[in-house]
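S.K.: Take a look at the following structure, please.
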Amino acid sequence: MRKVFQEVTSRLIDSHLNLHLLLGDIGVHGFSEIMNKHPNRILNLGILEQAMVGFAAGLASRGAIPIVHSIAPFIVERPLEQIKLDFGYQGLPGKFVSVGASFDYAKLGATHHCPADVEIFLSIPGAEVWVPAGNRDLESVLEVELPKLSLSYFRLTELGSEIEIRHVNGIAKVRHGFKGICVAIGPTIDDVLRATEGLDLSVISWTGLHNGPELIGSLQSELSRNVIVIEPFYQGGTASTFACLAHDFFVRHIGIPREYIHRYGSPTELKEFVGMDEQSLREKILSYTS
Amino acid sequence: MTPTNQYRCSSIRRRVLELANKSGEGHIPSSLSIVEMLFACLSYIKKADKHPSHLVLSKGHASLAYYAALEEFGFISESELNDFCDFNSKFGGHPDATKHGAIPFSTGSLGHGLAMATGAAYFERHKRMNPGPIFVILGDQECNEGSVWEAALLGSALKLNNLVCLIDMNGSDSRSIPMQSLAAKWGAFNWHVLEVDGHSREQLTEAVNQAEKNVDLPTAIICKTIKGKGISFMENSFEWHHKKLDHNYLLLALEELESPNHA
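Sequence order for the protein chains is A and B. Residues in the first sequence are numbered consecutively from 57, following my numbering. Residues in the second sequence are numbered consecutively from 42, following my numbering.
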């Protein structure tokens, strides 16, 4: 996804003079060409995240749309108050693009994990949260959303989906079924489709997590009232979206347990470790639907 | 200070006291310590025909003096400010940028203003033919915040010579973590540093004019001030930091301001 982000952003910076890119000392090589072309609009500000976000808000207050890019915990958790106040409270536009997701940096340990990012960003009133499924999805989302005057978060991951799905407002019905509904968030769609193969379940791919009311609306037309939400972040991270369904639906969340991970290895190994691999998902989904 | 300007600074102080009394809100001593700093910045902005958004109040709790000074310079109206802190007011205990065009940033949580001002100064320098300075007023205790020093590092690294930071050394930090040798600290962050009497309009004006001539460094003006300046029972009194000003104390304070001995 990083390469897609670099390509789309470089293209948009060329054509949109109000776009600025601020790097937290990552992705610098990938942007080197466009940095030479627009040295005043692309800056590597190093590792001073609070000031970087405040600086970005200062740019936005003057009419710029800043794109701020770093590893998820350092762009969401560390400067959270700056995002909340300097952007959210002031109603300024800004684009926060993270890499690393929940545990892409598996070998580096939990200091570089961020399974809470989506839940945190969703707590900022008015913010949009995008969890693209894969490269093509990311490309189309960035093309449309980066130039918009909105506050948005984009969660990039190395574990992206390989399936091409066309979403409308971040929602796509992928499979029809009658005995339950699986809502697969972002890159979990591949595993969810494989895990539910042969089961009589609807599968909905959901990537625009701020569009909760629209998703809820689409669930109303389903025959089943049994909903399973598969979250590539902390389990229950989108629970507030589904709270309004408590009377009519039976909603369960499958996600990453709320525990620190003291393991290394690869992202795939950690996915298995926390029970988010295809086999574990199938077992959990079967237990919830049988 | 010319009598006219002295009178205008007294008017700002009077307005601070009256609004604090009427609303039952306001950090009065923190407001009174920055009156001359606000006056110097807004005089420059007015003379240079710049927008008031060139002044950022990072120590947002001193909003009363900020609003009163904006009113004194005609950037907000008397009627707008009369309902300070009322339910539908545009002006609350901390500035809200979404409420009035004269306010560039919403501040209140300390340590945010300088970084935002740094972004604004960068944008102005690269996008405007005649950018003009961005002034930021910081508290001394606010300099405890790490985000201030991140922004200080950024300002000098980007060579923002149009960024001018005035630090209100009113001793607020003295009962917690004192920011000793502030001039040396800002100098170590590669800022052009000036030290002035923060109640001397002449010294402040000269410092602001010097800052404008700086070629490739941002400027920090360390302003030695008195918290609660002008009202004897408030001066350097922590008790008054966020205390309501009742009618009797208001009369006492106004009497001091009207006194011929008041400077």
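All residues carry an ideal CB built from backbone N, CA and C; glycine is no exception.
Comparing the C-beta of A:N96 with each C-beta of chain B, is any distance below 8 Å?
M.R.: Indexing the first sequence from 1 puts residue 96 of chain A at position 40. At least one chain B Cβ lies under 8 Å of A:N96.
S.K.: With three or more beta-carbon pairs closer than 8 Å as the criterion, would you say the segment 49 to 63 of chain B touches the segment 74 to 85 of chain B?
M.R.: Yes: at least three Cβ pairs fall under 8 Å.
S.K.: What residues match up with A:I127 in a beta bridge as DSSP calls it?
M.R.: Taking the first residue of the first sequence as position 1, residue 127 of chain A is located at position 71. Answer is A:V155.
S.K.: Please tell me whether B:L96 and B:F176 are closer than 8 Å, where the distance is taken between their beta carbons.
M.R.: As a position in the second sequence, residue 96 of chain B is number 55, starting the count at 1. As a position in the second sequence, residue 176 of chain B is number 135, starting the count at 1. Going by C-beta atoms, B:L96 is nearer than 8 Å to B:F176.
S.K.: Taking 8 Å as the threshold (beta carbon to beta carbon), is A:A107 in contact with chain B?
M.R.: Here residue 107 of chain A is taken as the residue at index 51 of the first sequence, counted from 1. Interface residue, yes.
S.K.: Say whether chain B places a C-beta atom closer than 8 Å to the C-beta of A:Q276.
M.R.: Taking the first residue of the first sequence as 1, we reach residue 276 of chain A at position 220. It does not: the Cβ of A:Q276 has no partner Cβ on chain B nearer than 8 Å.
S.K.: Entirely within the segment 237 to 266 of chain A and at least 3 residues each: give me those beta strand (DSSP E) ranges in chain order.
M.R.: Runs found: 237 to 241, 258 to 262.
S.K.: Do A:I227 and A:S274 have their C-beta atoms closer together than 8 Å?
M.R.: Counting from 1 along the first sequence, the entry for residue 227 of chain A is found at position 171. Counting from 1 along the first sequence, the entry for residue 274 of chain A is found at position 218. Yes, these two residues count as a Cβ contact at 8 Å.
S.K.: Cα separation between A:V124 and A:M108?
M.R.: Here residue 124 of chain A refers to the residue found at position 68 of the first sequence. Here residue 108 of chain A refers to the residue found at position 52 of the first sequence. In a straight line, the C-alpha of A:V124 is about 8 Å away from that of A:M108.
S.K.: Residues in the segment 259 to 283 of chain B with C-beta within 9 Å of chain A's C-beta atoms, listed in sequence order?
M.R.: Of all residues in the segment 259 to 283 of chain B, none has a Cβ within less than 9 Å of some Cβ in chain A.
S.K.: Looking at chain B, which residues of the segment 108 to 119 of chain A have a Cβ within less than 9 Å of any of its Cβ atoms?
M.R.: Cβ contacts with chain B come from M108, V109, G110, F111, A112, A113, G114, L115, A116, S117, R118, G119.
S.K.: Which of the three DSSP states is assigned to A:I269 in this structure?
M.R.: The residue given as residue 269 of chain A occupies position 213 in the first sequence. Looking at the sequence shown, residue 269 of chain A is not Ile but Pro. Residue state, collapsed to three classes: helix.
S.K.: At 7 Å on the CB atoms, spell out the chain B contacts of A:E137, in chain order.
M.R.: Your numbering for residue 137 of chain A matches position 81 in the first sequence. Neighbours of A:E137 on chain B, chain order: S150.
S.K.: Does any residue of chain B have a CB that is nearer than 8 Å to the CB of A:D81?
M.R.: To locate residue 81 of chain A, count along the first sequence from 1; it is residue 25. No, its Cβ sits nowhere closer than 8 Å to a Cβ of chain B.
S.K.: Report the residues of the segment 157 to 187 of chain B with a CB closer than 8 Å to any CB of chain A, ordered along the chain.
M.R.: Flagged, chain order: M157, A158, T159, G160, A161, A162, Y163, F164, E165, H167, K168, G187.
S.K.: What separation, rounded to the nearest whole angstrom, lies between the Cα atoms of A:L301 and B:G149?
M.R.: Your numbering for residue 301 of chain A matches position 245 in the first sequence. Your numbering for residue 149 of chain B matches position 108 in the second sequence. One C-alpha to the other measures close to 38 Å.
S.K.: Which ranges does the alpha helix (DSSP H) cover as unbroken runs of at least 4 residues, wholly within the segment 205 to 246 of chain B, from first to last along the chain?
M.R.: Counting only runs of 4 or more, we get 223 to 229.
S.K.: For A:M91, collect the residues of the same chain with a Cβ closer than 6 Å to its Cβ; drop the 5 residues on either side in sequence, then sort them by chain order.
M.R.: Start at 1 with the first residue of the first sequence, and residue 91 of chain A comes out as number 35. So the list reads I98, once near-sequence residues are dropped.
S.K.: Just confirm the distance between the C-beta atoms of A:I241 and A:V230, as a whole number of angstroms; I'd bet it's less than 8 Å.
M.R.: As a working mapping, residue 241 of chain A is identified with position 185 in the first sequence. As a working mapping, residue 230 of chain A is identified with position 174 in the first sequence. That pair is no contact at about 13 Å.
S.K.: What in chain A is Cβ-close to B:P93, meaning under 9 Å?
M.R.: As a first step, residue 93 of chain B must be located in the second sequence, where it is residue number 52. Neighbours of B:P93 on chain A: none; closest Cβ ~13 Å, over 9 Å.
S.K.: Is A:L212 close to the ligand SAH? I mean its beta-carbon at under 7 Å from any heavy atom of the ligand.
M.R.: The ligand content of the structure shown is nil, which means the ligand SAH is not present either.
S.K.: I need the DSSP call for B:A261, collapsed to helix, strand or coil.
M.R.: Position 220 of the second sequence, counted from the start, is the residue given in the question as residue 261 of chain B. If DSSP states are grouped into helix, strand and coil, B:A261 belongs with the strands.
S.K.: Threshold first: 4 residues or longer. Then list the alpha helix (DSSP H) segments lying entirely within the segment 57 to 110 of chain B, N to C.
M.R.: Listed in chain order, they are 69 to 73, 76 to 88.
S.K.: Quick one: which chain A residues come within Cβ less than 8 Å of B:P145?
M.R.: For the purposes of this step, residue 145 of chain B is taken as residue 104 along the second sequence, with counting starting at 1. Going along chain A in sequence order, the residues near B:P145 (Cβ under 8 Å) are S117.
S.K.: Along the alpha helix (DSSP H) that carries B:H288, what are the first and last residues, could you check?
M.R.: The residue labelled residue 288 of chain B in the question sits at position 247 within the second sequence. First-last of the alpha helix (DSSP H) with B:H288: 288 to 299.
S.K.: Counting only Cβ pairs nearer than 7 Å, list the residues of chain B close to A:D142.
M.R.: On the first sequence, residue 142 of chain A is found 86 positions in, with the first residue counted as 1. The contacting residues are H153, M157.
S.K.: Under 8 Å by Cβ, that's how I've got B:L105 and B:G67 pegged, so tell me the actual separation to the nearest angstrom.
M.R.: Here residue 105 of chain B corresponds to residue number 64 of the second sequence, with the count starting at 1. Here residue 67 of chain B corresponds to residue number 26 of the second sequence, with the count starting at 1. With a Cβ gap of about 4 Å, B:L105 and B:G67 count as contacting.
S.K.: Which first and last residues belong to the alpha helix (DSSP H) in which A:E315 is found?
M.R.: Taking the first residue of the first sequence as 1, we reach residue 315 of chain A at position 259. Where A:E315 is concerned, there is no enclosing alpha helix (DSSP H), given that its DSSP letter is neither H nor E.
S.K.: I believe A:V153 touches A:F210 by the beta-carbon criterion, under 8 Å. Please report the beta-carbon distance rounded to the nearest angstrom.
M.R.: For the purposes of this step, residue 153 of chain A is taken as residue 97 along the first sequence, with counting starting at 1. For the purposes of this step, residue 210 of chain A is taken as residue 154 along the first sequence, with counting starting at 1. Right, their Cβ atoms sit about 5 Å apart.
S.K.: Run through DSSP, which three-state label would A:L164 get?
M.R.: Locating residue 164 of chain A in the first sequence gives position 108, where the first residue counts as 1. Here A:L164 sits in helix by DSSP.
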